[in-house]
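K.L.:
Residue numbers (the numbering used here), protein chains in the order written: chain A, 1 to 245; chain B, 1001 to 1581.
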């Protein structure tokens, strides 16, 4: 479960995120939506402990990220839009390294299963420089899932993936949620979020505009029953026009 | 069209300057700027504004010698521009410039003008620096020196560009690089032979007395280059150098005329060369971007953006155990296969096998053993200074992956310690091997006196005990500065530059030396104390390693405190806030 209360992140005096509060329960997939500069990535980076929050409380599967960061970090995984890998470690060496960092005994079996699931079983000896962008993304995901996190954050997870990869990624996300993980996905691909997410959280200029279940939000922003999709909701909720006159 | 390109250039420069000025709001940049400006003022500008300085030792002969030396240097540079490069003509554009300008309706002529205009910025900056430096040591009128340098650099720049076009034209006509090089080298060889033959027949052969004084050597050098075939070849290069050496305004104006004509000729040559440079420029900009990426990742400017090769791990890493060991494992892989335990054992074995018999032998030349011993001991000491600059398999390399490191469920000190282990281990391994060689070979003093094995072992073991903690401290300093002042070091977000960064580096250099010296004071004091105290009870040979162990413990405690403090820094480290500044 992800519990966020009063999360605020300031860069000098500039508020990137202001007083953000929400909860994501196990099995839920929340789509984090907002225009560019809304604070989505900053929120995810604060939630995953990469950057310190200026104010507020974040609890990851019961562990307070501020007071007990190690326990919180052991339970989470964050996948950024740009996979960060070590140029000089092979695919398998990445898993070996991640296993030691997260102290995962018997990682070999889980690692092989993950690589097979991600169709990378034949690439164990390759270096990141020899992988396509999509493959690098998959490797980052394999490393992040090795310790079976209870909370997963995805920042634009579908970037660089081909149609087959996108479908597999969607299935993988749903499978993790089905297994009980609490998941947040930040993406601009609203139709894809609509397919995967059970909940939506819309941000604008660092503040929460609205959050709730996908169904409730679609209903709330429908002028006629069933006339609104997430894209329409996005424009109506944020007041963006999308070029419409 | 050129107006748009001038706008791009001027606005980029203006914005860059504005960003630099804005950064001065932060005390650390302001301090750097103040120190950098003070350095420039006291070292260069103070003399520049002190009015016209008399040119030191300016006799007509000296001026002629300078002119000949300058012409020879220019000749070598021009020949290099024709012989060494192998690639096609490429104008240096950034990736953004290529993306905007190449698909745009911009003529080839406008692009070349843009390139020439932009190179003028670099030339003007270099002119300023060279003027400051050369006037500082050579004196003379500032404006003559500045304009002289500008003429030299601009002509050279135009010639290099024209030469690259000509090389490409030759390639297009089927003349390979090797064929071109063979012809040019043959011509250069023929010239050298012709000049030598001419000198042999026309200049009296040098006698031993000609080399007795510097003046005589200068005379012979001058005589050789000033007459015969060399004088004809060097003539245009002397023309280019001459304005710089002018002693007054009128001489300068007279000398500048031919150079301006040469520049105009080169400009015409460049503009008339109908050579496609677009494809090579795209390739060049990609390589430049890769180089910058390597630089930002902690590599040197000259280290190529090469493809990383798969490397064997130094040891098997178990999934459980101390987490910092994972960083040691990872960074040793990064350092390469040369740094495995097997390699070090092999080197130690070789050191003993070579050094042992050498040190024990009484038939070696008297100078050999002290020389080998002293050189290896100096190398071991020198590695302490050079090692941290060369071995960067630590936070300096991994800070680009700070996002990933910060997600790990580890304390800051664990990450910092882990990052420091690999370079410490490599440096220590190298020093131990050198110490082993020094201890086994250094059996004689330069005066021929014998140094007992026990004494050598005592000092060697003492140094070996101190080495790991000493290396750790020397590596902690640059790594701590990465966390304290990420913008002062290449962190992967921005490439440093400007007077404030220069000032910061000066502060950093001075600070590093002071901190290192300061950190050693307690250890050195304890070493001396224990050594003198123990001498009463045990022999000096036994006291040295014991005192070294105490000193190492003090340094280990200092290092432990520093690692803990750096861990706290790492936990609070916010690269995104830093990059916003």
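Glycine included, C-beta positions come from ideal geometry on N, C-alpha and C.
(1) What does residue 199/A pair with, by DSSP beta-bridge criteria?
(2) Compare the C-beta of residue 1238/B with all C-beta atoms of chain A and state if any pair is closer than 9 Å.
(3) Using a Cβ cut-off of 9 Å (strictly closer), state whether residue 137/A contacts chain B.
(4) For residue 160/A, go through chain B and note every residue whose CB falls closer than 7 Å to its CB, in chain order.
(5) Can you give me the Cβ contacts of residue 8/A inside the same chain, cut-off strictly under 8 Å, excluding the 5 residues immediately before and after it?
(6) Less than 9 Å between the beta carbons of residue 1450/B and residue 1458/B, yes or no?
(7) Apart from the five residues just before and just after residue 1366/B, which ones in its own chain have a Cβ nearer than 8 Å to its Cβ?
(8) Keeping to the same chain, check which residues put their C-beta closer than 7 Å to that of residue 1134/B; ignore five residues upstream and five downstream.
(9) Alpha carbon to alpha carbon, what distance is there between residue 1402/B and residue 1492/B?
(10) Span of the beta strand (DSSP E) holding residue 155/A?
(11) Alpha carbon to alpha carbon, what distance is there between residue 70/A and residue 1410/B?
(12) Using 10 angstroms around the beta-carbon of residue 1566/B, count the other beta-carbons present and answer buried if the total reaches 16, otherwise exposed.
(13) With a cut-off of 9 Å, does the C-beta of residue 1340/B fall near any C-beta of chain A?
(14) What would DSSP say about residue 1003/B, mapped onto helix, strand or coil?
(15) Starting from the Cα of residue 135/A, find the closest Cα among 187/A, 37/A, 156/A and 160/A and give me that residue.
(16) Between residue 76/A and chain B, is any beta-carbon pair separated by less than 9 Å?
(17) Can you confirm whether residue 1300/B, when its beta carbon is compared against all beta carbons of chain A, has any partner nearer than 9 Å?
(18) Is the CB-CB distance between residue 91/A and residue 107/A below 9 Å?
(19) Give the residues of chain A in contact with residue 1403/B, contact being defined as C-beta atoms less than 7 Å apart.
(20) On the premise that residue 1275/B lies in contact with residue 1169/B, defined as a C-beta separation below 8 Å, what is that separation, rounded to the nearest angstrom?
(21) At a Cβ cut of 8 Å, what residues of the stretch 89-102 of chain A count as close to chain B, listed as they run along the chain?
(22) Just the Cα atoms here: how many angstroms apart are residue 1460/B and residue 1536/B?
(23) Suppose the cutoff is 7 Å on Cβ atoms and the five residues either side in sequence are ignored; what does the same chain contact list for residue 1304/B look like?
(24) Output the boundary residues of the alpha helix (DSSP H) element that contains residue 1561/B.
(25) Among 1322/B, 1335/B, 1038/B and 1563/B, which has the Cα closest to the Cα of residue 1312/B?
(26) Going by beta carbon distance, what residues of the same chain come within less than 7 Å of residue 1470/B, once the five residues before and after it are set aside?
(27) With the cut-off set at 9 Å, would you say residue 1244/B and residue 1149/B are in Cβ contact?
(28) Would a C-beta distance cut-off of 9 Å place residue 1465/B and residue 1562/B closer than the cut-off?
(29) Please identify, using Cβ separations under 9 Å, the residues of the stretch 122-135 of chain A that lie next to chain B, in order along the chain.
(30) Strictly under 9 Å for the Cβ-Cβ distance: is residue 27/A near chain B by that measure?
(31) Mind checking residue 105/A: buried by the 16 CB within 10 Å criterion, or exposed?
(32) For the stretch 198-222 of chain A, which residues have a CB atom closer than 7 Å to at least one CB atom of chain B, in sequence order?
(33) Measuring only the C-alpha atoms, how far is residue 1227/B from residue 1249/B?
(34) What is the C-beta distance between residue 1339/B and residue 1234/B, in whole angstroms, given that I count them as a contact (C-beta under 8 Å)?
(35) Rounded to the nearest angstrom, what separates residue 169/A and residue 29/A at their Cα positions?
(36) What are the residues of the stretch 1323-1338 of chain B that lie near chain A, defined by any Cβ-Cβ distance shorter than 8 Å?
P.N.:
Judging by the given coordinates:
(1) The partner list for residue 199/A (beta bridge, DSSP) reads 30/A and 213/A.
(2) Judged by the 9 Å Cβ criterion, residue 1238/B is not in contact with chain A.
(3) No, no contact with chain B.
(4) Within 7 Å of the CB of residue 160/A, no CB atom of chain B is found; the nearest one sits about 18 Å away.
(5) Excluding the 5 residues flanking it on each side, residue 8/A has same chain C-beta neighbours closer than 8 Å at 15, 17, 18, 19, 20, 53, 54, 55 and 56, in chain order.
(6) Their beta carbons are not under 9 Å apart, which means residue 1450/B does not touch residue 1458/B by this criterion.
(7) Answer for residue 1366/B: 1444 and 1448, listed in chain order.
(8) So the qualifying residues of the chain are 1145.
(9) Any reading at residue 1492/B is ruled out, since the residue's pLDDT is 39, under 50, leaving its predicted position unreliable.
(10) Where residue 155/A is concerned, the enclosing beta strand (DSSP E) stretches over 151-155.
(11) Cα-Cα distance, rounded: 6 Å.
(12) Buried.
(13) With 9 Å as the cut-off, residue 1340/B does not count as an interface residue toward chain A.
(14) The answer is helix: DSSP assigns residue 1003/B an H, G or I state.
(15) Considering only alpha carbons, the answer is 160/A.
(16) Interface with chain B (9 Å Cβ-Cβ cutoff): residue 76/A is included.
(17) Low confidence applies here, because residue 1300/B scores a pLDDT of 47, under 50, leaving its location unreliable and the question unanswered by this model.
(18) Cβ distance not < 9 Å, so residue 91/A and residue 107/A don't count as in contact.
(19) Scanning chain A for C-beta atoms nearer than 7 Å to the C-beta of residue 1403/B yields 50, 80 and 84, reported in chain order.
(20) The C-beta distance from residue 1169/B to residue 1275/B rounds to 6 Å, short enough to fall under 8 Å.
(21) Against chain B - using a Cβ distance shorter than 8 Å - the residues of the stretch 89-102 of chain A are 89, 90, 93, 96, 97, 99, 100, 101 and 102.
(22) Using only the alpha carbons, I get a separation of about 22 Å.
(23) Its pLDDT being 45, under 50, residue 1304/B is placed unreliably by the model, and nothing is read from it.
(24) Taken as a continuous stretch (DSSP letters only), the alpha helix (DSSP H) holding residue 1561/B covers 1540-1572.
(25) Comparing Cα-Cα distances from residue 1312/B to each of 1322/B, 1335/B, 1038/B and 1563/B, the minimum goes to 1335/B.
(26) Around residue 1470/B: 1384 and 1555.
(27) Contact flag set, yes.
(28) No, Cβ-Cβ distance for residue 1465/B and residue 1562/B is not below 9 Å.
(29) Listed in sequence order: 125, 126, 127, 128, 129 and 130.
(30) No, residue 27/A lies away from the interface with chain B (no Cβ there is under 9 Å from its Cβ).
(31) Burial state of residue 105/A is exposed, judged by a 10 Å Cβ sphere holding fewer than 16 other Cβ atoms.
(32) Residues passing the 7 Å Cβ filter: none.
(33) In a straight line, the C-alpha of residue 1227/B is about 28 Å away from that of residue 1249/B.
(34) Wrong, their Cβ atoms sit about 50 Å apart, outside the cutoff.
(35) Roughly 13 Å separates the two Cα atoms.
(36) Listed in chain order, the positions of the stretch 1323-1338 of chain B with a beta carbon within less than 8 Å of a beta carbon of chain A are 1323, 1325, 1326, 1329, 1330, 1333 and 1334.
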